[in-house]
Structure formats: structure tokens, C-alpha cells
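Chains E and L supply the protein sequences, listed in that same order. Numbering of the first sequence is given in UniProt numbering, commencing with residue 1 and proceeding in unit increments. Numbering of the second sequence is given in UniProt numbering, commencing with residue 1 and proceeding in unit increments. Okay, structure first, notes after.
2 protein chains.
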Amino acid sequence: MAAAAGVSITTVSDALNGKGRLPDATRRHVREVADRLGYRPSAAARTLRTGKSGLIGLTVTTYGDEPFTFTEFAYFAEMARAATSAALARGYALVILPATSRHDVWSNVALDGTVVIDPSDQDPVVSELVRQGLPVVSDGRPAGSLPVTAWVDNDHEAAVLGILDHLADAGARRIGLLTGTSTDTYTHLSTTAYLHWCERVGQEPVYEAYPAHDPCAGAVAADRLLARPDRPDAVYGLFDPNGTDLLAAARRYGLRVPDDLLLVCCSESTVYANTEPPITTLSLKPRRIGTAVVQLLIDAIEGVESDHPVEQVIPTELIVRTSSQRRPPRTTVSPPRGPEEE
Amino acid sequence: MAAAAGVSITTVSDALNGKGRLPDATRRHVREVADRLGYRPSAAARTLRTGKSGLIGLTVTTYGDEPFTFTEFAYFAEMARAATSAALARGYALVILPATSRHDVWSNVALDGTVVIDPSDQDPVVSELVRQGLPVVSDGRPAGSLPVTAWVDNDHEAAVLGILDHLADAGARRIGLLTGTSTDTYTHLSTTAYLHWCERVGQEPVYEAYPAHDPCAGAVAADRLLARPDRPDAVYGLFDPNGTDLLAAARRYGLRVPDDLLLVCCSESTVYANTEPPITTLSLKPRRIGTAVVQLLIDAIEGVESDHPVEQVIPTELIVRTSSQRRPPRTTVSPPRGPEEE
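Structure representation (C-alpha cells):
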């Protein structure tokens, strides 16, 4: 470009950016040459100049080699919606990246920083981004020494212990767990909390693990759990579809919910208010998380002294429905309500 | 980079991309120099090489100069979720761009193509993208000569005429419209359909227009509409929050819904199933639209001979609730249901 215009690179830059003290004729000449060549400064060059691209990334890096449409899961969809709103409100574009792609998507966009959801403990994407000096905010506290700028998470251990106590209070004697095979901290911390609880109350653990990103694997794992000789009388499922997975498996084995089997799953889906019976769910508050990760990321990008801590714990909410409330035992008959007597 | 390594540009490219027939020493030398310089091919250069970046854009370009967080509106949120799922399922990243930004976000990402939502009739963003040779698929049929690759839309005229007939059948004599001031085709076609219908049935039009991207302006416009001396006895609101806007205005003027005022609004929000009374809504089926626009865009990018037409009309759905069903007139008393007589 500079060669074609017969001027220096600095002159090209000043002319195109309206900077410096150049004769009008020079500025006009450079612009004409640029137009003729169809010249547009590359993303990298522009970012070097302005320092910021206005683009931030969002991705799930953990699961498998197949395209994983995480937005089909209610948690990710709500989290991504909140993250998008927060980015747009501050004038940033949000790039939702596939975990894997035959395109080199990461190199084709000049990101100012990235949100990663559920990074695994040796996440190579996170390591590479941090090596490049980009801020990385994690949805899910990073395991081990994963060097993120900030993270937002729930207290998964406390949430699981709360659910197990809730099920035990409702009469459960052997509580099972449907968990995942991946190494993200959500799965890891939740499973560990379950195992500790079992140890504390003296219950033999009863669990099945499956690859949670595979929408079919949950049904198979639910079936396997209820087919065991040491069948649980209550189950907590860590993933969104586990409520319907477990309900279907219970029907196959002639188990009534909640009479024979108590159920709770972690889900943001409103379908569980209307299943037969309605299923108790744990909400992780993904909208609050999506907003928080983007605020922390943009604060880090802009070098804003943040009022927020760089580790934010968002409270969970247990929405108790029929599936985890055992009816009064059938032997106890409450008297029918008659007309009031004086 | 080539100068620093003392080799040709082709040699640099071949060495870094593992192509060509180069001595191992040369390849190693070029890579060492690249590492030393922190050299990364720019987004533009990479895209020139591979032809595709794997990134597609999604944006609303029409509304105003302020950051407009369109994902806060249920239509855009559902549409964007479906678009994201469709992109990820095909291994593409989706870039959700702000309408305006102090960053030059468009230049910092090498998009293969873009989805634009509700482009206005002389949309400069669409024109510029098309000039650059990028496929553009529009959510909303383009007005005039806007040169898009493909579009997906509803039949807004038919939908509005259906709603007006529905309200007239329920007894409305003077139907009002709450509409927008922007020049996108949704607003334009819906308003035109209303005006034609009024002309056909001989009703004087009664409408208020407001800037629809401003979440506060709807309440003011609803109030203005119901304060008019020629107050309508039924209103159709074109935008998501109009149901609650109109319900609040009706309460202020002591109007009962549906007895004194029939209401319908265009919305994807489920809140209208539980308002007091529940409000009849028109659904534009944003999930089907979001999937369709991305499929059409990726087909165009990949040069796939599409089975789909490049103009797709998605059917709308009128969800009839209490707000548009007038109760039987009070003068007619139906006989109480007594025990069956022989």
C-alpha cells in the first residue's frame, strides 16, 4: 500500500486515520490509492492501532470433538442470552465459538478477551489464550492452576449437600447420583460432595456417570441406575435432561414418583413445572452468571478498577416440587373435613 | 516477516502452513523467526488463504445510535438462540454485533457472511456488506432494492388482517394500532395492512407510533392512544411489551379488558399466559426463523445448491386468550344448569 502510493507507512496510516499534519493533496492521493487497491487494514493491524477490537468470545471448550450445540441446553441458552445482553449494552460484540471447527475460528477474530464455560482442568484453549495475554473469565471455578483472570460460579458442594439432606428428610434411605464423565469443576465438585455425604451418613454410593454432552446417553445411564440390584430410592441428576430421563426409566420399571422414587435434577427448564409429577429442580441462576462474567471480562479489558471481587459466587435456588416430597404414609388416614361443629 | 527471515513471502507462507517442498532447516528457521517476532498471520490474510473464516454475523442494524440490547426482547432472544444452535451445529461461530459501537467491530472480524434482522429500507450496513461480496441473509424481507442473498419472513400483512378480523368478530367497532416509527419492513407492512383494512371496512384509523427500541416509549404511546377522544375499543400492539403497556394504560383509564377494551399484541413472551387477564398474542415463530436464516447463509457461503427457496415465509400463530374474547353481553342471561329432567 505504502509502496503503491510512493509514501511511508506512517503517512499511509496518518492519511487514512485523519491524523498527523499532511498536505491535503497527500491525504487525498493516499486515499485514492487505497480505494483503487481495495485496501482495508487487517484485523490485527487495526487492533494494534486502537488497542481494542470490541469483540469478546464465549465458548464451551470441554466436551468432545463433535460439534456440540450447547445452546440447546437451557442453562447455556440463558447464560448466553444474558452474556449477549451485557456485551451489547456496553457496545461489544459477542462471538459464540464452537468447541471444535474445521475452520480456524479463533485466528480469524481479534478478541479482546474470552469467557469460557466449564473449562476442564488442563484446558488447552484457556492456557493458549492466557499465553497470548488475553483476559479469560471462567464460568465455573478453574481446577488446579488454570490461570484465569476471574471466575463466577455457584457453591456446588453446598448445593449438592442441601439436596441430599432434602431427600433424606423426605425419607430417602439410598440416594443415587447421575453424573458426568468430564473433568470440569461442576461435575467434579458435585460428585465429590456426593461421595463425602455418603461417607458421612454411612451410605454406599450408587451412581452412574455418562458423557453429559451426548443427549442420548442420559437416558441410558438413568436406565442403568434404576436397573441395579442396589436400586436407589431417590436420585439426583446433575444435568438438564436427567429429570425426564429418570422419569422415563422409572416408568419402565414400574416405579411411582415420588412414592417409590424421589427425584431432583439440576435444570433451568420450565418443563419440570408441568411434568407428571412436577420435578424438583436446582437452578444455578445462569442469567446472573452470564451478566457477571461479561461485566468482569469487560472491566478487565478496559482496565477498570472493579468494585466486584474477581471471584463471584452466585447463590443457587432449590425449587421444590412434588417429585421430592413423599406423601404421608398410606397407613395414616386423616379424618375427612366435615362441617364445623360448635 | 519475510524480510526478517531473509526469505520470500511464499517461503514464509509455505513454512508456516507446512506446505511446499522446503528444506527442514529453512522451515525451522522461518518458524523460529516467526516465534521471535510474535508473528501471527492477520485475520484477513488467513481468510484469503483458506477462503473461509468459519465466522458468521448476526445483528440488528436499524435502531438508533444508542447501544440497543435487542436480546432483551423475547423475539430476538429466541431467534438468536436458534441461530446460535444452527451455527454451532455446522461448526461455525456466531458473532452477535452491536448496532453501533465505539469500536470498529466489523473490521476486526473476518466474517464469511451476515444475518441482519429487520434491515431498514436504505440500510447502509447491508449495502456495504454486499459491496464487499459477502452473503447477507435478512430476517425480514428487504424493502425496495436492498440486495440480499436470501430472506426469511412471515406474511405480516396476512397476520395483521387476521387479527383485525378476529377483533371485529369479537365485537370491536374501532380498532386502534400501536406501531413503530422505524422504517423496517415489519413495521411498514404491518402498518400498511392496518390502513388498508381500515379503508376497506370504512373505519377511521386510530394509531400511535413510537420508537420501538426504547423500552419506556411504549407505555407513553399506549397511554396516548387510550387518552384520545376517539378512543379505540380494541388495540393491536406490534411490539413485545405492548400487552403490558396497554393493560397498564387501560387500568389508568378504568377500562376493563376484555369488556371495554379488546387487546392483542405481537409477542413471544410466555408472561401473557398469566397476566390478568391473559392476553392474546401473535407468535412470529422466531426459532424457526433463526434456524432458517443461518441454514440459508451457510448454504450460500459453502456454495451448496439449496433445496430451500431463497425466500422463505414462515407461518405465524395467533394464540387466542381472554383479552380478545368478549364475554356474552350482560343483558343475555343464560339459564342456570339444573338437574336433568326427563
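C-beta: ideal position from N, C-alpha, C; glycine also. The structure displayed is predicted, hence computed values, not measured ones.
When the beta-carbon positions are compared, L/S53 and E/G54 stay at least 9 Å from each other. CA-CA distance, L/R326 to L/L167, rounds to 9 Å.
The contact set of L/L55 on chain E, defined by CB atoms closer than 8 Å, consists of V95, H103, V105, N108 and V109 in chain order. If only uninterrupted alpha helix (DSSP H) runs of at least 4 residues are considered, those enclosed by the segment 189-240 of chain L are 217-227. In the three-state DSSP reduction, L/A172 falls in the coil class, being neither helix nor strand. Between E/E317 and E/M79, the alpha-carbon positions lie close to 16 Å from each other.
L/L318 carries a strand assignment under DSSP once its states are collapsed to helix, strand and coil. Interface annotation, E/L296: not in contact with chain L, CB-CB separation never under 9 Å. Selection E/V126, E/T69, E/A89 and E/A86 evaluated against E/P98 yields E/T69 as nearest (Cα-Cα). L/P315 is positioned such that its CB atom lies closer than 9 Å to that of L/D155. The Cβ atoms of L/T281 and L/G243 lie closer than 9 Å to each other. In this structure, the CA atom of L/S145 is about 56 Å from the CA atom of E/A249. Between the C-alpha atoms of L/V109 and E/L226 there is a straight-line separation of about 50 Å.
Under DSSP, no beta-bridge partner is assigned to E/W106.
E/L296: member of the alpha helix (DSSP H) spanning P286 to E302, first to last residue. Using a Cβ-Cβ cut-off of 9 Å, L/S267 does not count as an interface residue toward chain E, since no Cβ of chain E sits closer than that to its own. E/E311 is bridged by DSSP to E/W151.
Sequence-distant Cβ neighbours of E/S107 in its own chain, meaning closer than 8 Å and more than five residues away, do not exist here. For L/L88, the C-beta contacts it makes with chain E under 8 Å involve P67, F68, T69, F70, T71, I96 and P98, in order along the chain. Neighbours of L/Y92 in chain E, taken as residues at a C-beta separation under 8 Å, are given in chain order as P98, S101, H103 and V105. Spanning the alpha carbons of L/S269 and E/S269 requires a straight line of approximately 15 Å. Under the Cβ criterion of 9 Å, E/T84 is counted among the residues facing chain L.
Taking 9 Å as the cut-off, the Cβ atoms of E/L284 and E/Y75 count as close. Put simply, the backbone Cα of L/D240 is about 45 Å away from that of E/Y207. One finds R81 and T84 in chain L with Cβ atoms closer than 8 Å to the Cβ of E/A80, taken in chain order.
With the rule of 3 Cβ pairs closer than 8 Å, the segment 229-240 of chain E counts as touching the segment 170-178 of chain E.
Flagged as an interface residue toward chain E: L/A77, by a C-beta distance shorter than 9 Å. When the beta-carbon positions are compared, L/I96 and E/L94 come within less than 9 Å of each other. With a contact defined as Cβ atoms closer than 8 Å, E/L164 and E/Y210 miss out at about 20 Å. By the neighbour-count criterion, in which 16 or more other beta carbons inside 10 Å mark a residue as buried, L/P135 falls on the buried side. The alpha-carbon of L/G57 is positioned some 26 Å away from that of E/P124. Annotated as distal: E/V294 and E/A77, with beta-carbon spacing of 9 Å or more.
When 7 Å is used as the limit between beta carbons, L/K52 is near these residues of chain E: H103, in chain order.
Note that the C-beta distance between L/D184 and L/T71 is not below 9 Å.
When the beta-carbon positions are compared, L/V130 and L/V152 stay at least 9 Å from each other.
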